[in-house]
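Down below is the structure, laid out as structure tokens.
In the working numbering, the protein residues as written are 6 to 264.
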């Protein structure tokens, strides 16, 4: 609840900033809600729920938020845990498979044993999103999962909830994905406001691709690659460019270029 409503850095509309500040100061949902001219945003919906059901009935208050948005928060938490555990796993064991890691055989997760470790690479290793229908690695990272979930008042051995939407079944994701169909080029341009590539709509309408000059004031790196579901281009770009991909930094970049 507080993670949704607390003040945050980055570009936000002024009324949201005031709403968050009021919540941080008073913890009064009605008072914070009065700062919002638009009540249909997630923050407004949650505050209406808290005003209606009270601070001791968080589950019902959270239920005011539309289902798709609620599930987004739940899945985001699973991804948050997964990201932390993958970082710990790589920090502890590096970029090679080790006994106790998990791999998929079809849709079923199984453990890597010492005798068959040479049959796998880091690209085969998966880690679980926490849930009631997954298994966890057989090494130190299993304890790390338990510790992180316990710190958030969750029982790793019982991820079911009386409300079905909040029962987490879990899933598996590969910890390293190799992009496919990769190509890239460096292009020159002068105007930051002119698109450097066609959108899908442009292509459907048969518009010709942009033509680039051999010389220009700026340089852009154009990359083309394919990723499977549940992997993210922003992370691939971050690893190539070693740049901050946070919302705050990207907003600042856009503000700089589009003045």
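Glycine residues also receive a C-beta, built at the ideal position from the N, C-alpha and C atoms.
According to DSSP, which residues form a beta bridge with residue i?
i           : result
residue 83  : Residue 83 is not bridged to any residue.
residue 178 : 132
residue 114 : 109
residue 226 : 191
Could you pull out every residue in the same chain whose Cβ sits closer than 8 Å to the Cβ of residue i, ignoring the five residues on either side in sequence?
i           : result
residue 114 : 107, 108, 131, 133, 139, 140, 177
residue 38  : 24, 44, 49, 52, 53, 56
residue 266 : The structure shown does not extend to residue 266, since the chain is modelled only from 6 to 264, so the question has no answer here.
Take residue i as the anchor and find which of the options has the nearest alpha-carbon.
i           : options            : result
residue 245 : 206, 213, 187      : 187
residue 147 : 161, 156, 157      : 161
residue 169 : 231, 224, 46, 137  : 137
residue 213 : 222, 219, 200      : 200
residue 153 : 82, 67, 13         : 82
residue 222 : 229, 197, 243, 12  : 197
residue 59  : 32, 129, 40, 167   : 32
residue 61  : 30, 85, 34, 86     : 34
residue 123 : 111, 112, 104, 155 : 104
residue 156 : 86, 68, 119        : 86
residue 98  : 256, 208, 145, 22  : 145
Which residue marks the beginning of the alpha helix (DSSP H) containing residue i, and which one marks its end?
i           : result
residue 239 : 238-246
residue 220 : Where residue 220 is concerned, there is no enclosing alpha helix (DSSP H), given that its DSSP letter is neither H nor E.
residue 149 : 145-156
residue 209 : 205-209
residue 131 : Run containing residue 131: none in the alpha helix (DSSP H); it sits in the beta strand (DSSP E), 130-134.
residue 25  : 19-31
residue 48  : 47-58
residue 34  : 34-38
residue 65  : 63-67
residue 199 : Neither: residue 199 is in no alpha helix (DSSP H) and is coded neither H nor E.
residue 8   : 7-10
Once you ignore the five residues that flank residue i on each side, which residues in its own chain have a CB closer than 7 Å to its CB?
i           : result
residue 217 : 192, 193, 194
residue 125 : 102, 108, 117
residue 63  : 6
residue 42  : 20
residue 47  : 9, 70, 74
residue 149 : 90, 93
residue 36  : 27
residue 143 : 105, 116
Ends of the beta strand (DSSP E) at residue i?
i           : result
residue 190 : 185-194
residue 232 : Taken as a continuous stretch (DSSP letters only), residue 232 belongs to no beta strand (DSSP E), as it is neither H nor E.
Tell me which residues share the same chain as residue i and place their Cβ nearer than 6 Å to its Cβ, disregarding the 5 neighbours each side in the sequence.
i           : result
residue 100 : 127
residue 172 : 165, 166
residue 14  : 253
residue 151 : 161
For this session: Check whether the region 170-189 touches the region 232-250, taking contact to mean three or more Cβ pairs, one atom from each stretch, closer than 8 Å.
Result: yes
For this session: State whether the region 75-93 contacts the region 119-134, with contact taken as three or more CB pairs (one from each stretch) at a distance under 8 Å.
Result: yes
For this session: State whether the region 64-80 contacts the region 92-105, with contact taken as three or more CB pairs (one from each stretch) at a distance under 8 Å.
Result: no
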